[in-house]
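Before any comments, here is the structure.
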Amino acid sequence: MSVDTATVKKVASLARIAISDADAERLAPELNNILGWIEQLGEVDTANVDPMTAVIPNTLRLREDVVTEGGQRDAVLQNAPQGEHGFFTVPKVVE
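Residue numbers (the UniProt record's numbering): 1 to 95.
Here's what the structure looks like:
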């Protein structure tokens, strides 16, 4: 795929970016270089590569999932402007 100045102007228009003719002519070869790099990445054989989220192995430090300072519903609801049946009451927004 090759990018010309008309394509650069079309993409800039879709992105709502004002671009001059000189900038469009300057950006076209740069975008072509980027697309060339993407094509090179497509040629790499990744059949035996496992998907990963980072280049180094990461493990999350998990803590025990326990309830701390629970049972304070009434104290929390005292901060609410309105409460009903143990829940926050909010005004209706959509009719």
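All C-beta atoms in this analysis are idealised placements derived from N, C-alpha and C, irrespective of residue type, glycine included.
Burial state of residue i, where buried means 16 or more other Cβ atoms lie within 10 Å
i           : result
V66         : exposed
K24         : Note on residue identity: the sequence assigns Ala, not Lys, to residue 24. Result: buried.
V49         : exposed
V93         : exposed
V76         : exposed
V8          : buried
residue 112 : No information on residue 112 is available, as it lies outside the stretch 1 to 95 that the chain covers here.
For residue j and residue i, believed in contact at Cβ under 8 Å, the rounded distance
i          : j   : result
I19        : A12 : 4 Å
residue 96 : Q82 : Nothing about residue 96 can be reported from this structure: the residues present for the chain run from 1 to 95 only.
Limits of the alpha helix (DSSP H) - the one that residue i falls within
i   : result
S2  : That residue, S2, is in no alpha helix (DSSP H); it is neither H nor E in DSSP.
P51 : P51 -> no alpha helix (DSSP H), and no H or E assigned at all.
R73 : R73 to L77
D21 : D21 to G42
CA nearest to the CA of residue i, picked from the options
i  : options               : result
S2 : D21, L14, W37 and I17 : W37
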